[in-house]
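Numbering (the UniProt record's numbering), first residue to last: 1 to 202.
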């Protein structure tokens, strides 16, 4: 499997996920330091340089427990268009057949269904192509939008609260995190169909 050139196209034809490149380091910098992004990911630093973004990208590319993607709109010809966020698999555990999944979505496309399209595409890859048994999501207890998506849109299962799990660089101290999961049979029997219906694929 050539992961370096892997591309995942959404079934809606609206989104394409591609492996990160230097061309979008500046966009990633803007996304990671945006006040709306940091509102719930308060362990992100307030400032970054493009050099630091490059080091993060290259370090994760060399780490076989990570598989990062940049999310782009697809233009009319089916080619890569505007950058709208990043997503990926991390803490990949091949022995126990599970992975974490995350998403950073550009604030200008919030609440437009783009996030659902991105996560559906990556969940399909994780379960249907890679054959993972379990996908885990973690989000701050105060991130009501992400919690709402996980609970009401996807129907993920709450596993518990991770107390003082993320460092809070804005307010000081640490913040609590909720852990959610989707199992393979849950994906197959419930979640996949719910997301396909929401995306107009059924």
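Glycine is no exception: its CB is placed at the ideal position from the N, C-alpha and C atoms.
Per the Cβ contact rule, the region 75–87 is in contact with the region 100–110 (3 or more Cβ pairs under 8 Å).
Less than 8 Å divides the Cβ of residue 139 from the Cβ of residue 147. Setting aside the 5 residues that flank it on each side, residue 71 is surrounded in the same chain by 15, 17, 84, 85, 86, 87, 118, each with a C-beta closer than 7 Å to its C-beta; the list follows chain order.
By the Cβ rule, the region 57–66 does not count as touching the region 33–42, because fewer than three pairs are nearer than 8 Å. Scanning the region 70–126 from its first residue to its last, the whole beta strand (DSSP E) runs of 3-plus residues come out as 80–93, 98–105. DSSP lists 7, 70 as the beta-bridge partner residues of residue 18. Scanning its chain for C-beta atoms nearer than 7 Å, with the 5 sequence neighbours on each side dropped, one finds around residue 179 the residues 136, 138, 159, 160, 162, in chain order.
For residue 167, the secondary structure class from DSSP, reduced to helix, strand or coil, is strand. In this structure, DSSP gives residue 176 an extended state, which the three-state scheme calls strand.
Linking residue 47 to residue 171 through their CA atoms gives a straight-line distance of about 16 Å.
Residue 65 sits exposed, since fewer than 16 C-beta atoms from the chains shown fall within 10 Å of its C-beta. Secondary structure at residue 139: strand, using DSSP grouped into helix, strand and coil. One thing to note: residue 116 has its Cβ within 8 Å of the Cβ of residue 153. Non-local beta-carbon contacts of residue 8 in its own chain, meaning distances under 6 Å to residues more than five positions away in sequence, involve 17, 121, 125 in chain order.
Counting the other CB atoms within 10 Å of its CB gives residue 192 a total of 16 or more, which places it among the buried residues.
Annotation for residue 25: 50, 53, 54 place their beta carbon closer than 6 Å to its own, counting only its chain and skipping 5 residues before and after.
Selection 73, 97, 128, 131 evaluated against residue 108 yields 73 as nearest (Cα-Cα). Note: residue 182 is bridge-paired with 135 in the DSSP secondary-structure output.
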